[in-house]
Structure formats: C-alpha cells, structure tokens
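Here the UniProt record's numbering is used: the sequence shown runs in plain steps of one and ends on residue 496.
Here a beta-carbon is modelled for each residue, glycine too, at the ideal position from N, C-alpha and C.
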Amino acid sequence: MSSKSLEEGSEKRKQVSRAEAKDVDETQSQNWLTRKLLTLGVEARGISPVPLEDRVGRPYSKIFFVWFSMNFNILSFSAGTLGPVAFGLGLRDTCLTILFFNLLICAFPAYFTTWGPKLGMRQMIITRYSFGYYGVIIPCIMNLIGMIGFSILNCILGGQALASVSSDNLSWTVGIVVIAVISLLVSFCGYNVLNWYERLAWIPVFITFIIALGVGGKHLSNPSPPTPASPQSILSFASTLAGFAITYSGLSSDFTSYFKPNVSSWRLFFSAYLGFLLPIVCIQCLGAAVVVVTGNVPDWEAGYEGGDVGGLLEAMLHPVGNFGKFLTVLLSLSVAANIAATFYSISINIQVFIPVLIAVPRYVFSIVATAIVVPLAIVGAHRFYDTLINFLGIIGYWASAYVAIILIEHLYFRKNDPSHYDEKSWNVPARLPTGIAAIAAGLMSFAVVIPSMEQAWFAGPIARSTGDIGFEVAFAGTAILYFPFRWLEIRCRGFI
Numbered sequence: 001m002s003s004k005s006l007e008e009g010s011e012k013r014k015q016v017s018r019a020e021a022k023d024v025d026e027t028q029s030q031n032w033l034t035r036k037l038l039t040l041g042v043e044a045r046g047i048s049p050v051p052l053e054d055r056v057g058r059p060y061s062k063i064f065f066v067w068f069s070m071n072f073n074i075l076s077f078s079a080g081t082l083g084p085v086a087f088g089l090g091l092r093d094t095c096l097t098i099l100f101f102n103l104l105i106c107a108f109p110a111y112f113t114t115w116g117p118k119l120g121m122r123q124m125i126i127t128r129y130s131f132g133y134y135g136v137i138i139p140c141i142m143n144l145i146g147m148i149g150f151s152i153l154n155c156i157l158g159g160q161a162l163a164s165v166s167s168d169n170l171s172w173t174v175g176i177v178v179i180a181v182i183s184l185l186v187s188f189c190g191y192n193v194l195n196w197y198e199r200l201a202w203i204p205v206f207i208t209f210i211i212a213l214g215v216g217g218k219h220l221s222n223p224s225p226p227t228p229a230s231p232q233s234i235l236s237f238a239s240t241l242a243g244f245a246i247t248y249s250g251l252s253s254d255f256t257s258y259f260k261p262n263v264s265s266w267r268l269f270f271s272a273y274l275g276f277l278l279p280i281v282c283i284q285c286l287g288a289a290v291v292v293v294t295g296n297v298p299d300w301e302a303g304y305e306g307g308d309v310g311g312l313l314e315a316m317l318h319p320v321g322n323f324g325k326f327l328t329v330l331l332s333l334s335v336a337a338n339i340a341a342t343f344y345s346i347s348i349n350i351q352v353f354i355p356v357l358i359a360v361p362r363y364v365f366s367i368v369a370t371a372i373v374v375p376l377a378i379v380g381a382h383r384f385y386d387t388l389i390n391f392l393g394i395i396g397y398w399a400s401a402y403v404a405i406i407l408i409e410h411l412y413f414r415k416n417d418p419s420h421y422d423e424k425s426w427n428v429p430a431r432l433p434t435g436i437a438a439i440a441a442g443l444m445s446f447a448v449v450i451p452s453m454e455q456a457w458f459a460g461p462i463a464r465s466t467g468d469i470g471f472e473v474a475f476a477g478t479a480i481l482y483f484p485f486r487w488l489e490i491r492c493r494g495f496i
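Structural data, given as structure tokens:
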C-alpha cells in the first residue's frame, strides 16, 4: 500500500464519521442540515458494503458491550417473570429453562456477528445472498416488525418505570415519549456514538440491581412452594425465550461490518456470545426470583398491580427513599441502550426493503421509527404481558426459519468461505439468487409450524399434547426443505 493510501487511512480513522458517509456523498447532494450533522459526528452511511480502508479497530470489547448493554435492562427482567406468571413454573424450573435454552439460542446471533468483518456487509445485505434482491423484502418486513415490537416493549417498560417515581404526576404516556426521544438522540448519531454509549450504559443499571438485591434480598430466600412443572409448560416458556434472543440474528452483522477482516472469528464469537448470555440469563433469573415472592411482600404486590414491572422495581427500591427513585429512573433509562441500537438497525432495514431510499441519510429513518413506536407503545402499555407473550412467540417462529436458511446457505452452499460471496453483486439482482428457494422453504414449513404452536389465541393439535414446539419445528422444517429447493435453484441458474 502506498504512503498516500496510508495517510488517507490515518485521516479516515481520525474522522470516522466522514469516512462512513463517503458513499452517501457520492449518491446525493447534501443540504446544509446534512453537512452540519456530519460535522457533529452523525453517521450517514447506509447499506453499501464498508470498504476495506474504512474498517478500523479491534472489535472484541466493543461488540461485547453492545450486546451486554442491549440486554442488561428491565425488558430482560420482565421476560424472566413470564415463567412463573404466564406458565406457572416454579423458580428452579424457570431458571433452569432460562439457562440451558439460552446456552443454545445465544449461539446463533453470536455466530452471525462474525460475518460482518469478513464481508463488510449489513445483515440484511448478507441475506440477499439467499433470499435474493427482491425476495429479501420478506425477511426485511419480518425483521422490522420484530425490531419495532421490541422497541415498543422497551418503551412501555421504561415509561412505566419513569412514571412510577412521580407519584402520579407523570403518566405512562409521557414516560414513553421521554424514553423514545432519548433513544432517538443516541441512535441519531450512529455507529461511533452508539458504541461509546453501549460501553457505559450498563454500569448504572448494574449498580442499581445490586442495590435492589441488597435492599430486598431478604425476601428472596422465602419463595412460594413450587408447583410441579409439566413438559408442555417448559417447552412453551422455552419457545417464548427463543423469541427473545434469536431475533438478534437479523441484525447481528450490522454492528461488526466496520471491523477489520483479519480479526479472530473465535474471539469475536465468544465476545458476542457472552455479551448475549450473561445479561440475559442473570437478569431473567432475577426477574423470576423477584416475581415468585412478590405475593409474600405487600409493598411489592401493590407496586406490581396490573403487571407494572416498573412499579415492582420502584417498590423494591422504596426503602432507600429518594435515592431509590433516582435508581428507578436509571433503570427506566436502561432500555434506551436497546432501543437506540434497534433504531440504528431499523434504518438499515428500511433502505434494504426500499432500495430507492438509499440516498436518504440513515438518521432520517430513526425519526420515522420513533414516530411509529411511540403511539403503538402508548396503545399497548395497559396490556403489556399479553403483548409480550404473543409477540415473542410469533416472532420466534419466523426468526427460527430465517436462521435455518442463512446457516445452510453459508455453511453448505457457500462452504463457510467469504470468497464465495461476490461482493460486487450485492446490488445487482441478476447476479443474486432469485429467493424462490428461501421463500418457499420458509413459507411451506409453516404447514407444520401452525399445528405445533401454542398461543393465548390459538393452540394447534400437536401443541395441545406437546406444548409449544413451533420454534423447533420451524428450524427443522425449513432446513429440510431448503436443501433440495436451493440445489434445484442453483442447477437451473448455473451459479450460486
């Protein structure tokens, strides 16, 4: 590499946001607002692959803290409460299900994280290499539904917690708006600010949970007698947990496409894996432990009335007075780490979904996402548990089918070799798969998934005897169908 190139690379590393906006400079005429935002560090790069000269940094601690902070919040806490509250499981069975099922599920998004440095592509751009240029619209739509759904749930929880400290002076609605705006501001600035924020966001949350345990831990030693767990209840709870973690697979490489291609895939995998596993398991188990004893503590039970998780946490911290209110505010803000990163990926998905919008700066879509999330969160706030259970169950089925297709495409048809991805064809429909094989495999698998799913509003004939196994069936069914369909597609077209 010439000295001139090295100087340019050094300059780009000093001004990363400008380097990230390079492709946007070439595709649009920037107005004064765009130029001003770029000088402030706002990222404008959209969905185009990241050039080698723009990839910087060692990713291991960065990616660990991105996933750690995204999951170290009260949404993970509330997901853990579902075992006892919604599925009638005792504390031991709930925690064992959380541990062993997440040991498996967290591996999928962690593995997809390792593809970003090798290919320099966002997750939905990689998805084009199996679903095709036009077929990727389907996973984009499902991914958008999933990310918007999680953002809604996080806004509800953050708004509830914020409102709980105000003695009825602040409504859930206002709390939701405050949380959404804070998240928007972080996501607005893009990749670099997001990385900085995620490195720090977990610290006050960790301190708050430790204090909550110190104040209320004496109650956790006397849980209610466990009820016998049925295999059906365990499988149904496990399916709900799957919807919590595996959905990150649709945005995994969005946060690693700026890293150098020569990083260790194993180290990157374990950094991401632990970033998922540690907060999800620990905080979900804490949520289960707290809700199991809530009925034995009158103050906690009053705070938890109506499924108000924020009120429950405020009641736990109430003994430390105004400091407890301050800590509850910190907990309410913990969801911003998740929402901000999700808004970041939502903007990328929209550009893949509607390619003509590639000329629009990425931060515009974060504003659009906020405008969608806020009213839906306000509407769903008073039916939080129903919303959470139904959403996690349904989105988990789709994510399972998606993971099966992407894994088989990468490991079998492309031989786990980045060179088998023609990076120049990322935006050329004729050089990408048609997507017929992927779409057909995913859709046809639901002929077996539907009888195997169990939701509050529907229980299939298979699920009535086995519990909800829709997640497992979606993965297996899609995988079995994708092999022959993709093989036939390759034979007909003559290239991968």
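Same chain, Cβ closer than 6 Å to residue i, five either side skipped, listed in chain order
{"i": "Phe255", "result": "Val66"}
{"i": "Met316", "result": "Ala212 and Gly216"}
{"i": "Ile283", "result": "Ser76 and Phe77"}
{"i": "Phe72", "result": "Trp202, Val205 and Pro279"}
{"i": "Asn195", "result": "Lys62"}
Length of the line joining the Cα atoms of residue i and residue j
{"i": "Phe269", "j": "Ser164", "result": "39 Å"}
{"i": "Ser69", "j": "Leu75", "result": "12 Å"}
{"i": "Ser334", "j": "Ala242", "result": "22 Å"}
{"i": "Ile378", "j": "Ala430", "result": "44 Å"}
{"i": "Glu489", "j": "Ile141", "result": "24 Å"}
{"i": "Glu198", "j": "Ala341", "result": "9 Å"}
{"i": "Gln455", "j": "Asn102", "result": "21 Å"}
{"i": "Arg493", "j": "Val356", "result": "27 Å"}
{"i": "Arg491", "j": "Ala437", "result": "12 Å"}
{"i": "Asn338", "j": "Ser166", "result": "24 Å"}
{"i": "Thr81", "j": "Glu305", "result": "14 Å"}
{"i": "Val364", "j": "Arg122", "result": "18 Å"}
{"i": "Thr94", "j": "Asn416", "result": "36 Å"}
{"i": "Val373", "j": "Ile148", "result": "6 Å"}
{"i": "Phe259", "j": "Tyr397", "result": "31 Å"}
{"i": "Ser264", "j": "Val56", "result": "14 Å"}
{"i": "Pro231", "j": "Gly83", "result": "13 Å"}
{"i": "Val297", "j": "His219", "result": "8 Å"}
{"i": "Leu376", "j": "Asn390", "result": "15 Å"}
{"i": "Cys155", "j": "Ile367", "result": "15 Å"}
{"i": "Leu185", "j": "Asn169", "result": "25 Å"}
{"i": "Leu91", "j": "Tyr402", "result": "32 Å"}
{"i": "Leu200", "j": "Val178", "result": "20 Å"}
{"i": "Ala79", "j": "Phe244", "result": "8 Å"}
Nearest residue (CA-CA) to residue i, options the options
{"i": "Ser332", "options": "Val320, Thr342, Glu314 and Asn322", "result": "Glu314"}
{"i": "Ile394", "options": "Val290, Gly146 and Val360", "result": "Gly146"}
{"i": "Ser345", "options": "Ile450, Asn416, Ala476 and Ser151", "result": "Ser151"}
{"i": "Ile138", "options": "Ile496, Gly442 and Ile176", "result": "Gly442"}
{"i": "Tyr111", "options": "His318, Ser253, Arg383 and Asp468", "result": "Ser253"}
{"i": "Leu104", "options": "Arg362, Gly149 and Ser400", "result": "Ser400"}
{"i": "Ala476", "options": "Leu162, Leu185 and Leu407", "result": "Leu407"}
{"i": "Pro225", "options": "Phe100, Ile125, Gly88 and Arg128", "result": "Gly88"}
{"i": "residue 544", "options": "Glu53, Val403, Thr173 and Ser187", "result": "A question about residue 544 goes unanswered here, because the residues of the chain that appear run from 1 up to 496."}
{"i": "Ser221", "options": "Val290, Thr387 and Ala336", "result": "Val290"}
{"i": "Ile405", "options": "Pro49, Gly132, Pro461 and Ala336", "result": "Gly132"}
Residue i in three-state terms, based on DSSP
{"i": "Ala229", "result": "coil"}
{"i": "Glu489", "result": "helix"}
{"i": "Ala456", "result": "coil"}
{"i": "Thr478", "result": "helix"}
{"i": "Asn71", "result": "helix"}
{"i": "Gly132", "result": "coil"}
{"i": "Gly467", "result": "coil"}
{"i": "Leu432", "result": "coil"}
{"i": "Val177", "result": "helix"}
{"i": "Leu251", "result": "coil"}
{"i": "Asp93", "result": "helix"}
{"i": "Thr256", "result": "coil"}
{"i": "Ile47", "result": "coil"}
{"i": "Phe495", "result": "coil"}
{"i": "Ile354", "result": "coil"}
{"i": "Asp305", "result": "As written in the sequence, residue 305 is Glu, which differs from the Asp given in the question. In this structure, Glu305 counts as coil in the three-state DSSP scheme."}
{"i": "Ser236", "result": "helix"}
{"i": "Val297", "result": "coil"}
{"i": "Trp398", "result": "helix"}
{"i": "Lys415", "result": "coil"}
{"i": "Asp422", "result": "coil"}
Cutoff 7 Å; reference residue i; Cβ partners in own chain excluding five residues on either side
{"i": "Ile63", "result": "Thr113, Phe255, Thr256, Leu268, Ser271, Ala272 and Gly275"}
{"i": "Gly327", "result": "Residue 327 is actually Leu in this sequence, not Gly. Here the set comprises Thr208, Ile211 and Leu317."}
{"i": "Gln30", "result": "Because the pLDDT of Gln30 is 48, which lies under 50, any placement of that residue in the model is unreliable, and the number read from its coordinates should be weighed accordingly. Hits under 7 Å: none found."}
Cβ-based neighbour list, residue i, same chain, cut-off 8 Å, excluding 5 preceding and 5 following
{"i": "Leu144", "result": "Ile346, Asn349, Ile350 and Phe353"}
Sufficient close CB pairs (3 or more, under 8 Å) joining the region 219 to 238 to the region 453 to 468: yes
Contact between the region 433 to 449 and the region 469 to 482 (3+ Cβ pairs under 8 Å): yes
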